[in-house]
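The sequence shown maps to residues 112 to 291 in the working numbering.
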Amino acid sequence: MASNLGQVAVRAEFRRGDPRGITRGIFYARYILWALSLSLITLFVLLGTGFTLSEIFITIVFNLTWVLLLLFGAIVPSQYKWGYYVLAVFSIFWVVFHIGVLATRSSFLIYRRTHLCSALWITFFWLEYPLIWAFCDGGNVISNTGEVIWYGVVDLLTMPLFLVWQLWSVRLYDYTALGF
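Structure below.
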């Protein structure tokens, strides 16, 4: 993104009196990052629960769905982008419900607290992605610089810092009890 290779210019639906132009830069490289890393985070968090592999796979598919729908919504220059946004919000709520509620119920009792903390962390920060999208790519309220900063902070908290915390918290797991 810093080299301006992973972006495309899209006509902004709401111009907000900006004299610099009528287009907005959409960084599609960010969505590729999310599709790869958030799916792996979902896999990592759900492998320690009692979810079957098919339930984990379906949750990952819905995770990819909300990322792709936000990308499609960002690229569409008309108000149809909000249809993609609504579908993405439904999809992310489906993922959050499965990670936060169903996976917590199916996790082993001795590891439930760790999973619940992970699920709360993921839920809080993953629900910020559609909010940021609505203000930046959707509504054109925040500039590209503000968007990069806001997404950067949330990405930092949901990807590397979360993974360090998650690896530290599962270091004492008895993997034979999980069936591995």
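For every residue, glycine included, the Cβ atom is placed at its ideal position computed from N, Cα and C.
As the structure is a prediction and not an experimental result, all values here were calculated from the model.
Checklist entry - Taking the DSSP output, what are the residues bridged to GLY257? => result The partner list for GLY257 (beta bridge, DSSP) is empty, contrary to what the question assumes.
Item to check | Rounded straight-line distance, which links the Cα of PHE235 to that of VAL121 | outcome: Roughly 29 Å separates the two Cα atoms.
Item to check | Rounded straight-line distance, which links the Cα of ARG216 to that of ARG223 | outcome: The alpha-carbon atoms of ARG223 and ARG216 are separated by roughly 8 Å.
Item to check | Alpha carbon of PRO241 to alpha carbon of THR160, nearest angstrom | outcome: PRO241 and THR160 have their C-alpha atoms roughly 26 Å apart.
Next on the checklist: Suppose you measure from the CA of THR153 to the CA of PHE208; what does that come to, to the nearest Å?
Outcome noted: So the alpha carbons of these two residues sit roughly 13 Å apart.
Checklist entry - What is the residue span of the beta strand (DSSP E) that ALA120 lies within? => result Taken as a continuous stretch (DSSP letters only), the beta strand (DSSP E) holding ALA120 covers 118-122.
Next on the checklist: Using a 10 Å radius around the Cβ and a threshold of 16 neighbouring Cβ atoms, would you call ILE260 buried or exposed?
Outcome noted: Looking at its Cβ environment, which holds fewer than 16 other Cβ atoms inside 10 Å, ILE260 is exposed.
Item to check | Short Cβ contact (8 Å threshold) for VAL275 with ILE210 | outcome: With contacts defined by Cβ atoms closer than 8 Å, VAL275 and ILE210 do not form a contacting pair.
Checklist entry - Can you tell me where the beta strand (DSSP E) with THR134 in it begins and where it stops? => result It spans 134-138 - the beta strand (DSSP E) in which THR134 sits, taken as one unbroken run.
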